[in-house]
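K.L.:
The numbering of the sequence shown is our numbering, which starts it at 196 and goes up by one.
Sharing a structure here in structure tokens format.
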Amino acid sequence: MPVLPIDSERYGSKEIREIFEEVSRLKYMLAVEAAVAEAQAELGIIPLDAGKEITSKANLNYVTLDKCKEVEKRIGHEPANIVEVLVEVCEEHAKPWVHYGLTSNDLLDTAMSLQIRDAMRIIENRMRELTILLSEMAQRYADLHAVGRTHGQHASIMSFGLKFAVWASEMLRHFDRLDQLLKRVLVCKTLGVVGTGSLMGEKALEVQRRVAEKLALKPVDAATQIVPRELYAEVVFFAAILASTLDKIATEIRNLQRTEIGEVEEPFKPGQVGSSAVPVKRNPIKSEKVSSIARLLRPLVQVALDNIPLWHERDLTNSANERFIIPMSIILLEEALKTMIEVLRGLKVNEEAIKANIQKTDGRIFSEFILDLMLKKGFCRVSAYRIIQKASERTDVPFVSALLEVPEVTHKISREEVESVMRPDACLGASKLIINQIVEEVKRRLSTPGCSFPPTV
Numbered sequence: 196m197p198v199l200p201i202d203s204e205r206y207g208s209k210e211i212r213e214i215f216e217e218v219s220r221l222k223y224m225l226a227v228e229a230a231v232a233e234a235q236a237e238l239g240i241i242p243l244d245a246g247k248e249i250t251s252k253a254n255l256n257y258v259t260l261d262k263c264k265e266v267e268k269r270i271g272h273e274p275a276n277i278v279e280v281l282v283e284v285c286e287e288h289a290k291p292w293v294h295y296g297l298t299s300n301d302l303l304d305t306a307m308s309l310q311i312r313d314a315m316r317i318i319e320n321r322m323r324e325l326t327i328l329l330s331e332m333a334q335r336y337a338d339l340h341a342v343g344r345t346h347g348q349h350a351s352i353m354s355f356g357l358k359f360a361v362w363a364s365e366m367l368r369h370f371d372r373l374d375q376l377l378k379r380v381l382v383c384k385t386l387g388v389v390g391t392g393s394l395m396g397e398k399a400l401e402v403q404r405r406v407a408e409k410l411a412l413k414p415v416d417a418a419t420q421i422v423p424r425e426l427y428a429e430v431v432f433f434a435a436i437l438a439s440t441l442d443k444i445a446t447e448i449r450n451l452q453r454t455e456i457g458e459v460e461e462p463f464k465p466g467q468v469g470s471s472a473v474p475v476k477r478n479p480i481k482s483e484k485v486s487s488i489a490r491l492l493r494p495l496v497q498v499a500l501d502n503i504p505l506w507h508e509r510d511l512t513n514s515a516n517e518r519f520i521i522p523m524s525i526i527l528l529e530e531a532l533k534t535m536i537e538v539l540r541g542l543k544v545n546e547e548a549i550k551a552n553i554q555k556t557d558g559r560i561f562s563e564f565i566l567d568l569m570l571k572k573g574f575c576r577v578s579a580y581r582i583i584q585k586a587s588e589r590t591d592v593p594f595v596s597a598l599l600e601v602p603e604v605t606h607k608i609s610r611e612e613v614e615s616v617m618r619p620d621a622c623l624g625a626s627k628l629i630i631n632q633i634v635e636e637v638k639r640r641l642s643t644p645g646c647s648f649p650p651t652v
């Protein structure tokens with residue numbers, strides 16, 4: 196029975212969870228053993244027939260997860276258990292050459308690169324789907340006037356579509372980060388115990404280059420017994436920063452769904468229960484789940500950073516936690532992406548509430564534009580600011596009336612002129628231009644693959 200929710204079907208797609216399952220991890224490590232044996236045989240480091248035998252047996256048909264677990268119970272070491280089972284199934288002439296010149300983390304770290312690569316393909320697809328959706332929503336609501344809020348207060352008028360355009364723009368930067376990350380992180384390491392390639396001598400680098408080519412990875416430039424852990428820290432950081440963008444979107448949706456604001460509402464399917472006690476409630480639980488996942492992912496960055504400074508050429512203080520933080524980061528990131536896509540696809544936008552909220556401050560939301568009008572009429576900025584501020588504090592008459600009761604104002608500005616700058620459609624500034632720029636950039640960037648995924652081997 197699963198102990199953690201991530202071990203069940205509650206979080207992450209079946210596709211991404213399978214990448215990090217035990218049997219897949221074993222499959223990836225066997226692929227490394229096979230590629231190394233093949234490369235070593237090509238270079239004459241091990242006999243050609245031994246290389247062929249090892250390559251033919253380094254797969255799940257011969258080296259099973261059950262057998263590896265059985266051996267691990269006896270010897271207490273992974274992946275030495277895999278090596279022992281592979282030796283057992285190979286013909287006698289090949290047995291001495293299994294795992295030749297390698298160390299455990301040659302398998303573990305190179306297999307991790309394969310897992311990260313395949314998982315990030317799924318992440319990239321989710322990112323693409325979300326970014327296109329945000330772009331479409333930006334365009335759909337470009338002409339919808341809405342309250343722009345700062346510090347939780349009404350500040351000025353904005354296009355409701357601009358919210359989505361800002362998020363789409365942020366997502367495009369995450370594609371840049373992913374592209375850069377993949378170029379650095381997807382490395383192959385086959386240099387043995389302390390990173391010298393000792394038993395393979397001067398041919399060690401060529402072995403590593405060929406193995407990397409066979410696995411569609413990049414040979415690591417230099418390593419100790421392990422690849423530098425700053426690479427994995429970057430993976431965890433990427434998950435955390437992208438999840439934080441999703442948290443940003445989710446937080447805005449949660450705020451806009453407040454009863455007092457009521458501008459949007461998460462999808463709520465027939466028969467769904469919002470509260471066990473209050474039948475009428477429709478809680479933004481999906482957006483809250485995204486925020487909750489982001490809160491879990493951010494602290495994992497600190498764990499990943501702590502794994503960078505290890506003793507000498509390595510110790511094991513990183514090992515146990517990496518079995519958690521890397522799969523968790525990627526699987527939970529995918530869950531957050533999936534959930535946010537679901538929320539946005541079914542998001543109910545209450546246009547009437549959005550328009551009504553503009554009127555809640557009795558015209559005060561237009562103060563930026565009234566100030567501008569007064570400046571153009573020759574007012575000193577400070578005095579104009581104070582006049583508007585004082586008029587806004589009155590509650591006995593409407594805001595515009597209070598403003599027009601000030602002699603200095605009525606002397607220079609008519610009611611018609613004031614009201615002419617209090618039209619929402621005149622207050623959007625460059626909103627539509629900004630939205631159109633982002634929409635076009637999304638179309639340009641995402642019409643073709645943008646990230647550095649090597650071809651699948």
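All C-beta atoms in this analysis are idealised placements derived from N, C-alpha and C, irrespective of residue type, glycine included.
Got a sec, what are the start and stop residues for the alpha helix (DSSP H) Gln632 sits in?
P.N.:
Ser626 to Leu641
K.L.:
What's the call for Thr305, buried or exposed, on a 16-neighbour Cβ count within 10 Å?
P.N.:
buried
K.L.:
State the start and end residues of the unbroken alpha helix (DSSP H) segment that holds Met366.
P.N.:
Element bounds for Met366: Phe355 to Val380.
K.L.:
What first and last residue would you give for the alpha helix (DSSP H) that runs through His606?
P.N.:
Pro602 to Lys607
K.L.:
I need the straight-line Cα distance from Thr643 to Leu325, nearest angstrom please.
P.N.:
Straight through space, the alpha carbons of Leu325 and Thr643 are spaced by roughly 16 Å.
K.L.:
Let me know if Gly497 comes out buried or exposed under the rule of 16 or more other beta-carbons within 10 Å of its beta-carbon.
P.N.:
For the record, residue 497 in the displayed sequence is Gln; it is not Gly. Flag for Gln497 reads exposed.
K.L.:
For Cys383, name the three-state secondary structure that DSSP assigns.
P.N.:
Strand.
K.L.:
Output needed for Glu425: all residues of its chain with C-beta closer than 8 Å, excluding positions within five of it in sequence on either side, in chain order.
P.N.:
Within the same chain, and ignoring the five residues on either side of Glu425 in sequence, the residues whose Cβ sits closer than 8 Å to its Cβ are Ile503.
K.L.:
Go ahead and label Val652 buried or exposed: buried means 16 or more other beta carbons lie within 10 angstroms of its beta carbon, across all protein chains shown.
P.N.:
Confidence at Val652 is low in this model, with a pLDDT of 49, below 50, so its placement is unreliable and the value that follows should be read with caution. The residue is exposed, with fewer than 16 neighbouring Cβ atoms inside 10 Å.
K.L.:
Specify the secondary structure class of Gln154 as computed by DSSP and reduced to three states.
P.N.:
Residue 154 cannot be examined here, being either before or after the span of the chain that is shown, 196 to 652.
K.L.:
Helix, strand or coil for Ala417, going by three-state DSSP, please let me know.
P.N.:
coil
K.L.:
Skipping 5 residues on each side, what residues in its chain have a beta carbon closer than 8 Å to that of Val293?
P.N.:
Glu228, Ala232, Ile249, Val278, Leu281, Val282 and Cys285
K.L.:
Output needed for Trp362: all residues of its chain with C-beta closer than 6 Å, excluding positions within five of it in sequence on either side, in chain order.
P.N.:
Leu329 and Ile444
K.L.:
State buried or exposed for Gly624, treating a residue as buried only when at least 16 other CB atoms are found within 10 Å of its CB.
P.N.:
exposed
K.L.:
Is it the case that the Cβ atoms of Ile536 and Pro619 are separated by a distance below 8 Å?
P.N.:
Cβ distance not < 8 Å, so Ile536 and Pro619 don't count as in contact.
K.L.:
Do the CB positions of Ile352 and Ile549 come within less than 8 Å of each other?
P.N.:
The answer is no: Cβ separation not under 8 Å.
K.L.:
Secondary structure at Gly172, three-state DSSP: helix, strand or coil?
P.N.:
The structure shown does not extend to residue 172, since the chain is modelled only from 196 to 652, so the question has no answer here.
K.L.:
Below 8 Å on the Cβ atoms is my contact criterion, and I expect Ile311 with Leu381 to pass it. Report the Cβ-Cβ distance as a whole number of Å.
P.N.:
7 Å
K.L.:
Given Val485, which residues of its chain have a CB within under 7 Å of its CB, disregarding the five upstream and five downstream residues?
P.N.:
Leu441, Asp442, Ala445, Ala531, Thr534 and Met535
K.L.:
Within a Cβ cutoff of 7 Å, which residues of the same chain sit near Ala546, ignoring the five residues on either side of it in sequence?
P.N.:
This sequence places Glu at residue 546; Ala is not what is there. Result list for Glu546: Leu339, in chain order.
K.L.:
Of all the options Arg372, Val634, Val258 and Thr590, which has the alpha carbon lying nearest to the alpha carbon of Ala434?
P.N.:
Arg372
K.L.:
Measuring CB to CB, does Arg640 end up less than 8 Å from Phe370?
P.N.:
yes
K.L.:
Indicate the three-state DSSP secondary structure (helix, strand or coil) for Ser289 in the structure shown.
P.N.:
The identity of residue 289 in the sequence shown is Ala, whereas the question assumes Ser. Three-state DSSP puts Ala289 in coil, outside helix and strand.
K.L.:
Which parts of the stretch 425 to 480 are runs of the alpha helix (DSSP H), unbroken and 4 residues or longer, counting only runs that do not cross its ends?
P.N.:
425 to 451
K.L.:
Quick one: Cα of Lys252 to Cα of Asp301, how far?
P.N.:
19 Å
K.L.:
Could you please give me the residues that DSSP links to His349 through a beta bridge?
P.N.:
Arg344
K.L.:
Measuring only the C-alpha atoms, how far is Thr259 from Glu217?
P.N.:
11 Å
K.L.:
On the three-state DSSP scale, how would you describe Val652?
P.N.:
Reliability of the predicted coordinates at Val652 is poor, the pLDDT of 49 falling under 50, and the value obtained from them is presented with this limitation in mind. Coil, per DSSP.
K.L.:
Which whole-angstrom value is the C-beta distance of Ile318 and Ile525, which I expect to be below 8 Å?
P.N.:
Between Ile525 and Ile318 the Cβ distance is about 7 Å, and since that is below 8 Å, they are a contact.
K.L.:
Which of the three DSSP states, helix, strand or coil, is assigned to Val544?
P.N.:
strand
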